[in-house]
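Engineer: Reminder that position 94 of the sequence shown reads as 103 in the numbering used here, one-by-one numbering, no gaps.
Would you mind keeping the following structure in view while I ask a few things?
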Amino acid sequence: MKKVFLAALLSLPSFSSVQSSLAQTTVVLSKGDVAEGVSSKSAATVSPDSLLKHIKFLASDRLEGRGSGEPGNNLAALYIAEHFKSLDLKSFSTAQTGESYFQKFEITTGLRAGTGNSLTLGKKKFTSPETLVPLGISASAGVKSEDVVFVGYGITTKDG
Numbered sequence: 010m011k012k013v014f015l016a017a018l019l020s021l022p023s024f025s026s027v028q029s030s031l032a033q034t035t036v037v038l039s040k041g042d043v044a045e046g047v048s049s050k051s052a053a054t055v056s057p058d059s060l061l062k063h064i065k066f067l068a069s070d071r072l073e074g075r076g077s078g079e080p081g082n083n084l085a086a087l088y089i090a091e092h093f094k095s096l097d098l099k100s101f102s103t104a105q106t107g108e109s110y111f112q113k114f115e116i117t118t119g120l121r122a123g124t125g126n127s128l129t130l131g132k133k134k135f136t137s138p139e140t141l142v143p144l145g146i147s148a149s150a151g152v153k154s155e156d157v158v159f160v161g162y163g164i165t166t167k168d169g
C-alpha cells in the first residue's frame, strides 16, 4: 500500500508535453537523483526521509518551476519514470511511444483575448486592451459583491 501511495504521490507533477519535448531537450539525471535501494523486489517501505528526498528534488530550483514542455518539467518526469522503474512498476505500451511511462497528449497552454472583451463595474466600463487585460481560460461568470474577510496567512505554529 505504501508503495502505491508513493507512486501516486510522485505522479502528481504535470506530465504535459513530455514525450514530444523529450526529443528536443537533453536532461541528465545524476545517480543521486534517483532513489537508491528502493525496489518492490526488496519489499522496501516508504520512510519519512525517503519521501522528503523526493519532495526536495521535485521542489528544487533545478526543476525551474516545471512549466509544461520546459526542461525542468521533463527532468521531473524522467525522475519519476526512473523511480517507477526502480519500483518495478509496469509501464504501458502504445503505438506512439512503445514501452514507456509516458503518454503523449496535446494541451492548450495559452489563449489570446478576443475582440470586444469588457468588464463593467457599476457605471464604469473597462475595455480590452486599453483598460482591461483578461487572464485565465474560464467561461464568463458573475461576480457577487461581498464583504472582505481576513482568513489568516495559512501559518501553523506550536503556539496555535
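Note that the Cβ used here is the ideal one computed from N, Cα and C, for glycine as well.
In this text the structure is predicted, and so the values were computed from the model without any measurement.
Nearest-angstrom Cα distance between T165 and G107?
Structural biologist: As a first step, residue 165 must be located in the sequence shown, where it is residue number 156. As a first step, residue 107 must be located in the sequence shown, where it is residue number 98. Taking the straight line joining both Cα atoms gives about 47 Å.
Engineer: Is G107 helix, strand or coil when you go by DSSP?
Structural biologist: On the sequence shown, position 98 is the one that residue 107 refers to. The answer is strand: DSSP assigns G107 an E or B state.
Engineer: Using the C-alpha atoms, what's the distance from K65 back to D58?
Structural biologist: As a working mapping, residue 58 is identified with position 49 in the sequence shown. As a working mapping, residue 65 is identified with position 56 in the sequence shown. For D58 and K65, the distance between alpha carbons rounds to 10 Å.
Engineer: Assign A171 to one of two classes, buried (16 or more other C-beta atoms within 10 Å of its C-beta) or exposed (fewer than that).
Structural biologist: Any question about residue 171 goes unanswered here, given that the chain covers just 10 to 169.
Engineer: Would you identify the three-state DSSP class for S9, choosing helix, strand or coil?
Structural biologist: The shown model of the chain, from 10 to 169, leaves out residue 9, and the question about it has no answer.
Engineer: Spatial neighbours of L128 within its chain, please: C-beta separation below 7 Å, excluding the five flanking residues on both sides.
Structural biologist: Reading the sequence shown from its first residue, position 119 is the one you call residue 128. Same-chain partners within the cutoff: F135 and L141.
Engineer: What is the rounded straight-line gap between the Cα of K99 and the Cα of G163?
Structural biologist: Residue numbering aside, residue 99 sits at position 90 when the sequence shown is read from its first letter. Residue numbering aside, residue 163 sits at position 154 when the sequence shown is read from its first letter. Approximately 39 Å, taken between the alpha carbons.
Engineer: Roughly how many angstroms lie between the CA atoms of A68 and S95, to the nearest whole one?
Structural biologist: Residue 68 sits at position 59 when you count from the first residue of the sequence shown. Residue 95 sits at position 86 when you count from the first residue of the sequence shown. Using only the alpha carbons, I get a separation of about 21 Å.
Engineer: So, for G74: in the same chain, excluding its five sequence neighbours on each side, which residues have a beta-carbon less than 7 Å away from its beta-carbon?
Structural biologist: One-based indexing of the sequence shown puts residue 74 at position 65. Same-chain partners within the cutoff: G81.
Engineer: Please classify I116 as buried or exposed, where buried requires at least 16 neighbouring CB atoms within 10 angstroms.
Structural biologist: Counting from one through the sequence shown, the residue named residue 116 turns up at place 107. I116 should be labelled exposed.
Engineer: Secondary structure at L141, three-state DSSP: helix, strand or coil?
Structural biologist: As a first step, residue 141 must be located in the sequence shown, where it is residue number 132. If DSSP states are grouped into helix, strand and coil, L141 belongs with coil.
Engineer: Taking the alpha carbon of F114 as the point to measure from, which residue in V157, L72, E91 and S77 has its own alpha carbon closest?
Structural biologist: Here residue 114 refers to the residue found at position 105 when the sequence shown is read from its first residue. That would be S77, whose Cα lies nearest to the Cα of F114.
Engineer: For S127, list the residues DSSP reports as bridge partners.
Structural biologist: Here residue 127 is taken as the residue at index 118 of the sequence shown, counted from 1. Bridge partners of S127: T136.
Engineer: DSSP on S59, reduced to helix/strand/coil?
Structural biologist: Stepping through the sequence shown from its first residue, residue 59 is reached at position 50. Three-state DSSP puts S59 in a helix.
Engineer: Please name the residue, chosen from K133, V160 and S109, that lies closest to H92 on a Cα-to-Cα basis.
Structural biologist: Start at 1 with the first residue of the sequence shown, and residue 92 comes out as number 83. Measuring from the Cα of H92, the nearest candidate turns out to be S109.
Engineer: Going by C-alpha to C-alpha distance, which of K132, G131 and P138 sits closest to G125?
Structural biologist: As a position in the sequence shown, residue 125 is number 116, starting the count at 1. The candidate whose alpha carbon is nearest that of G125 is P138.
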